[in-house]
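J.: Taking the numbering used here, the leading residue of the sequence shown gets 243, the next gets one more, and so forth. C-beta atoms are modelled at their ideal positions from N, C-alpha and C, and glycine is treated no differently. The structure is given below, and queries will be raised subsequently.
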Amino acid sequence: MQAGESPGLLPAGRGLVGEERRLRGGVDRKNPGSWAAKAMGSSRSCRPCLAPLILALLSGGVSMTPLPEAGPQSTCSLEGVEIKGGSFRLLKEGQALEYVCPSGFYPYPAQIRTCRSTGSWSTLKTQDRKIVKRAECKAIRCPRPQDFENGEYWPRAAYYNLSDQITFRCYDGYTLRGSANRTCQENGRWDGQTAICDDGAGYCPNPGIPIGTRKVGSQYRLEDTVTYYCNRGLTLRGSQQRKCQEGGSWSGTEPSCQDSFMYDTPGEVAEAFLSSLTETIEGVDAEDGHIPGEQQKRRIVLDPSGSMNIYLVLDGSDSIGAHNFTGAKNCLRDFIEKVASYGVKPKYGLVTYATYPKVLIKVSDAKSSDADWVTEQVNQINYEDHKLKAGTNTKKALLEIYNMMSREVNTLPETWNRTRHVIILMTDGLHNMGGDPVSAIHDIRDLLDIGRSRKNPREDYLDIYVFGVGPLVNQENINALASKKDKEQHVFKVKDMEDLENVFIQMLDESRTLGLCGMVWEHKGGTDYHKQPWHTKISVTRPSRGHENCMGAVVSEYFVLTAAHCFTVEDEAHSIKVSVGGKNQALQIEEVIFHPNYDLNAKKAEGIPEFYDYDVALIKLRKKLTYDQTTRPICLPCTEGSNQALRLPRLTTCQQQREELLPAKDIKALFVSELPKEKKLIRKEVYIKNGEKKTACERDALHAPGYDKVKDVSEVVTPRFLCTGGVAPYADPNTCKGDSGGPLIIHKKSRFIQVGVISWGVVDVCKGQKQPPAHARDFYINLFQVLPWLKEKLKDEDLGFL
């Protein structure tokens, strides 16, 4: 069988409205080319590894490409080890090498060679044990069906090249299940599902013959068994033997035959894993008396009492290496954060191991369901903890999970039999001490009373997922550890740590939770708009005055929040262009809603040419937005969404949320600015001066053009403003023209919450000045101060204001 190869928003200064833009009251952060900006000089207004699961992350023996600085030196000579058509890289400190081929090719006759104690490399042998002198890259091909019952397929060939198609048809009297047409993919596997021709005469349906396997057994009565085999050199994944059970289902999982260089893609793993895991979660909800509706499924919501446990077990043995250990640790941390961001509060256990296991968190710990605390413990894991005893004792690590379970059985006897468990192992399947880890799995199954009763096997209460990472994986061993359930996959082999991280990203499919506020798609492959999906561009066209630009943030399916000074009362809806998600399509506007207390000219008679108090507005769209990964809402304060984002108790008050987001000190925040020439969005980090530096920050407002005669800063800086800028504690970046109306954001617990709207600035630092002065400050409308207005105007948007 030949198969598979293997932005920172620049603060918008104060804007001018209508003819009043001729006044020199502040910095207009809109379009620098506007006549208003020129008239004002410094104007800126137009200016970024689910409920309690047994997450046993055993990254045992995962060996990847070493870091460049590691410079592994092999004790075997590298002369003559080259591969025709490809390259190689050293693994395990030079004690192994991996052949690498271009896409569409695989290393023949082997992907891995090891350095023997004699100083020579392991011999290159084919699957039928013939010796080959030199490795070469051969074209990937998909296997042919070994057999197909009760029908026929075409074209018939000894092998199939990439993109070749095969079609299945059943004889009369038989019904086709699975895929009638299948295509050979780049990884040497066929797409689609196993084609099966069945007449329905058996007690169980025909289990089929997956392409590449051979099946013994053609009777499908109750208690009948079928057995599957692979050709020599291939490893069977799934169940070798399956039994027809009561209810008409087959035990185990569908088998497949794998070559050593075949990998699952992150997408395949995520889909299969999430699909299986969802079954477990929905079972929990149903048992707790809940019917898992669409919203529950999307958000993976679990009962607060928790009926699953997550145990994280991370291999720190010598074979994994510091680089991969850190990668696996990051996977765990990101996974915990992502799970928590969906409103799920599982209980966690955490174990690292090598020769001996080290229990860092027990599910019985008081804070085991506190994602922040668990993340802190994960961050403190150190690869050096196991340096002196760096063997691989996977069995002993699994027995620590058994011990945790056993203690829970004794302390929670009434609820324990309803607790579901999911074990996730990340390992290469190798172990060099402690005995066979499969025996520990048997002990866990016995403890949970799984598989004893034919009528009630309780298989739903334990899922063991095994992830093999890298080229050194022993596929037979990892298959032996994994659960085997009908129509589910529990064992996976991924190419490297990057693919593993992508698995965890994809298994919690954010496309299913697009309505959750403050969520972003920050991993590899994401655009600037994936990372700032609320970002809105606003353009206002006025006859004889050209275009002026502002920004805003999507806050619901019908509304964008921005600054009031971006518009005049004379502006017509058709002159305002709004675009979201980086799309060129302009959205139609129904109306612009100003805060009723906003009046730019309110203090003109007092010698204050521009007054930006209550500088907020809502743009109401004519048509409902369609959320996608580049168009999603930001969180507003004092809403149920921000409560969930901050992981606060359900009964948290608005005042408590304010204390969480805006404590009396310097607060790290960010804004997003657009670089028009580069067509990029960049985040810029600033500090809101909300403590002892607040007074000095606000006082610098008097340096703004037009405010030089103001005696009391409170005349222009009201309690509605937040202030950033200056050089202490750090030199904050400043906003620029075109940034008006953009959000001031707190990034907390993997979510983004808007606390302010960019309004005006003291100095136009983007007008050629290399070094901004210490008094360069920016001012934002504090959303906590305009909540009654937001609550009234957004009352039909289902935001759940507190």
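Pick out whichever of Ala-400, Tyr-471 and Lys-580 has its Cα sitting closest to the Cα of Lys-990.
T.: Lys-580
J.: I need the DSSP call for Glu-579, collapsed to helix, strand or coil.
T.: Helix at Glu-579.
J.: Closer than 8 Å by C-beta to Thr-317: which residues in its own chain qualify, once you throw out the five before and the five after it? Chain order, please.
T.: Gly-336, Gln-337, Cys-357 and Gly-361
J.: Cα-Cα, which of Val-601, Lys-629 and Tyr-590 is closest to Ser-610?
T.: Tyr-590
J.: Nearest CA to the CA of Arg-376: which residue from Gln-388, Lys-1009 and Leu-320?
T.: Leu-320
J.: Does the beta-carbon of Gln-500 have 16 or more other beta-carbons within 10 angstroms, so that it is buried, or is it exposed?
T.: buried
J.: Using the beta-carbon count (16 or more within 10 Å), is Lys-779 buried or exposed?
T.: Burial of Lys-779 is indicated by the presence of at least 16 other C-beta atoms within 10 angstroms of its C-beta.
J.: Checking the sheet assignment: what are the DSSP bridge partners for Thr-455?
T.: Answer is none; Thr-455 lacks a bridge partner.
J.: Assuming Asp-908 contacts Pro-971 (C-beta within less than 8 Å), just tell me the rounded distance between them.
T.: Correct: roughly 6 Å between the Cβ atoms.
J.: Any chance you could list the beta strand (DSSP E) runs of at least 3 consecutive residues sitting entirely within the region 728 to 814, in chain order?
T.: 733 to 736, 777 to 784, 788 to 796 and 801 to 804
J.: Can at least three beta-carbon pairs, one atom from the region 339 to 352 and one from the region 364 to 371, be found at a separation below 8 Å?
T.: yes
J.: So, does the region 868 to 883 touch the region 850 to 858, judging by three or more C-beta pairs under 8 Å?
T.: The region 868 to 883 vs the region 850 to 858: no contact.
J.: Look at the alpha carbon of Ser-196 and the alpha carbon of Lys-334, and state the distance between them as a whole number of angstroms.
T.: Lying outside 243 to 1044, the shown extent of the chain, residue 196 is not represented and no answer is given.
J.: Along the chain, where does the alpha helix (DSSP H) containing Val-620 start, and where does it finish?
T.: 613 to 621
J.: Quick check on Thr-873: does DSSP put it in helix, strand or coil?
T.: In the structure shown, the three-state DSSP call for Thr-873 is strand.
J.: With DSSP as the reference, label Asn-429 as helix, strand or coil.
T.: coil
J.: For my contact list, Gly-1042 and Gly-788 are in at a C-beta cut-off of 8 Å; report their separation, rounded to the angstrom.
T.: In fact, because the Cβ distance is near 41 Å, the residues do not count as touching under 8 Å.
J.: With DSSP collapsed to three states, give me the class of Cys-439.
T.: Strand, per DSSP.
J.: Pull up the DSSP beta-bridge partners for Val-914, would you.
T.: Arg-925
J.: Which same chain residues end up closer than 7 Å to Gly-633 when comparing Cβ atoms and leaving out the 5 residues on each side of it in sequence?
T.: For Gly-633, where only same-chain residues beyond five positions count, the Cβ hits under 7 Å are Ser-559, Ala-596, Thr-597, Asn-674 and Met-675.
J.: According to the neighbour-count rule (16 or more other Cβ atoms, all chains shown, within 10 Å of its Cβ), is Glu-832 buried or exposed?
T.: exposed
J.: Please report how far the alpha carbon of Ser-821 lies from the alpha carbon of Cys-978, in whole angstroms.
T.: 20 Å
J.: DSSP on Gln-407, reduced to helix/strand/coil?
T.: strand
J.: Give the straight-line distance between the Cα atoms of Tyr-929 and Asp-942, rounded to the nearest whole angstrom.
T.: 16 Å
J.: Find out if the Cβ-Cβ distance for the pair Pro-1015, Phe-913 is shorter than 8 Å.
T.: no
J.: Just mark Tyr-413 as buried or exposed, buried being the case when its beta carbon has 16 or more other beta carbons within 10 Å.
T.: Tyr-413 comes out exposed.
J.: Between Cys-965 and Lys-936, which are expected to be in contact by the criterion C-beta below 8 Å, what is the C-beta distance as a whole number of angstroms?
T.: 7 Å
J.: Checking 8 Å against the spacing of the C-beta atoms, do Asp-670 and Val-708 come in under that value?
T.: The Cβ atoms of Asp-670 and Val-708 do not sit closer than 8 Å to each other.
J.: Determine the extent of the beta strand (DSSP E) in which Lys-485 is found, giving its start and end residues.
T.: In the DSSP annotation of this structure, the continuous segment of the beta strand (DSSP E) that includes Lys-485 starts and ends at 483 to 485.
J.: Can you check DSSP and say which residues form a bridge with Ile-325?
T.: Ala-377
J.: In this structure, how does DSSP classify Ile-683 when only helix, strand and coil are distinguished?
T.: helix
J.: Rounded to a whole number of angstroms, what is the C-alpha to C-alpha distance between Asn-976 and Gln-897?
T.: 29 Å
J.: Go ahead and pull the three-state DSSP assignment for Met-646.
T.: helix
J.: On a Cα-Cα basis, can you pick out the residue from Lys-587, Val-811, Gly-980 and Tyr-402 that is closest to Leu-890?
T.: Lys-587
J.: Pick helix, strand or coil for Leu-667, following the three-state DSSP scheme.
T.: strand
J.: Applying the criterion that 16 or more other CB atoms from any shown protein chain within 10 Å of the CB defines a buried residue, is Ser-992 buried or exposed?
T.: buried
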